[in-house]
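Some notes on the structure that comes next.
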Ligand code: ADP
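Numbering (UniProt numbering), first residue to last: 251 to 507.
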């Protein structure tokens, strides 16, 4: 706590009392710590691929380029690492834009059905790569106040995670429902699941349950932080229901028109 005191002096210099101002700075300290952690995380995340690209290119320049299989395998790694770097920079810029004070989404009356159809189209190729299936359950369209492109981004992101954190040959169920006030999107997988104590943390920037696994799958660790911001910009909510070894269900509620 910060405490300031000042005497209050009345007429003829008479001492009337003291005004004390107490300011709770624990929240400020917490925010400062989050900011420092973020900078440290960004630096680490950026350094890792750069170190790798630098190391492999140096080895090639030192003569390894003459060995064709080695040349190819090193180039592949360098290509993968530069992709990672590009995605990371994209997600960082996106997050910083979304977190700006005054960031808004363009809310208009619109149907959620088209959003889910588009997200299914966009993620189809990745699904096929893993021999997985979609099951789409939409009885009728639901009109919400939304920004079409942002909602497609939210759904695509959640479906991509569902694919990433599921074994081959499993099914992802995509449901469109509603209650009295909200349109509800559910993305349910039969994947690895998330431990109870980790569930709240997955929305933190750079938080990953399994760092190595997420990295290898090409994740930046920023996806769910971005999703949460976008859902909140819609005045909506996102909820996670998950059980380890059974699967995860992401539930997004968006206010109806
Ligand atoms: P990443 O780029 O690592 O996927 P996200 O922010 O999208 O980052 O997700 C954060 C972490 O939450 C992931 O690293 C993963 O551990 C966990 N996670 C997200 N979605 C799922 C899911 N459908 N099933 C299991 N774990 C998940």
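We put the beta carbon where it would ideally sit given N, CA and C, even for glycine. A quick note: this is a predicted structure, and the numbers were derived from the prediction, not measured.
Asked: If you pair each beta-carbon of the region 493-506 with each one of the region 428-440, do three or more pairs fall below 8 angstroms?; Found: yes
Asked: Bridge partners for residue 426 per DSSP, in chain order?; Found: 388, 435
Asked: Counting along the chain, where does the beta strand (DSSP E) carrying residue 505 start and finish?; Found: 497-505
Asked: Can you check whether the CB of residue 412 is closer than 9 angstroms to the CB of residue 438?; Found: yes
Asked: Could you tell me which residues DSSP puts in a beta bridge with residue 512?; Found: Residue 512 cannot be examined here, being either before or after the span of the chain that is shown, 251 to 507.
Asked: Using DSSP with H/G/I as helix, E/B as strand and the rest coil, what is residue 266?; Found: strand
Asked: Between the Cα of residue 355 and those of 405, 395, 449, 489, spot the shortest distance and give me the residue it belongs to.; Found: 395
Asked: Do you know how far the Cα of residue 462 is from the Cα of residue 295?; Found: 12 angstroms
Asked: Hey, quick one: how far does the beta strand (DSSP E) through residue 252 stretch, first residue to last?; Found: 252-259
Asked: Along the chain, where does the alpha helix (DSSP H) containing residue 476 start, and where does it finish?; Found: 473-483
Asked: Give me the Cα-Cα distance between residue 280 and residue 288, rounded to the nearest whole angstrom.; Found: 12 angstroms
Asked: Would you kindly report the start and end of the unbroken beta strand (DSSP E) that includes residue 355?; Found: Taken as a continuous stretch (DSSP letters only), residue 355 belongs to no beta strand (DSSP E), as it is neither H nor E.
Asked: If you run the structure through DSSP and keep just helix, strand and coil, what is residue 489?; Found: strand
Asked: Using alpha carbons as the reference points, say which of 315, 424, 384 lies closest to residue 418.; Found: 384
Asked: Give me the residue from 409, 451, 458, 479 with the minimum Cα distance to residue 500.; Found: 409
Asked: So, does the region 445-455 touch the region 474-492, judging by three or more C-beta pairs under 8 angstroms?; Found: yes
Asked: Would residue 421 and residue 373 be called neighbours here (beta carbons separated by less than 9 angstroms)?; Found: no
Asked: Just tell me which of 392, 329, 371 has its CA closest to the CA of residue 359.; Found: 392
Asked: With residue 337 and residue 470 assumed to form a contact (beta carbons below 8 angstroms), what rounded beta-carbon distance in angstroms separates them?; Found: 5 angstroms
Asked: Can you tell me where the alpha helix (DSSP H) holding residue 336 begins and where it ends?; Found: 318-349
Asked: Does the distance from the C-beta atom of residue 268 to that of residue 258 stay below 9 angstroms?; Found: yes
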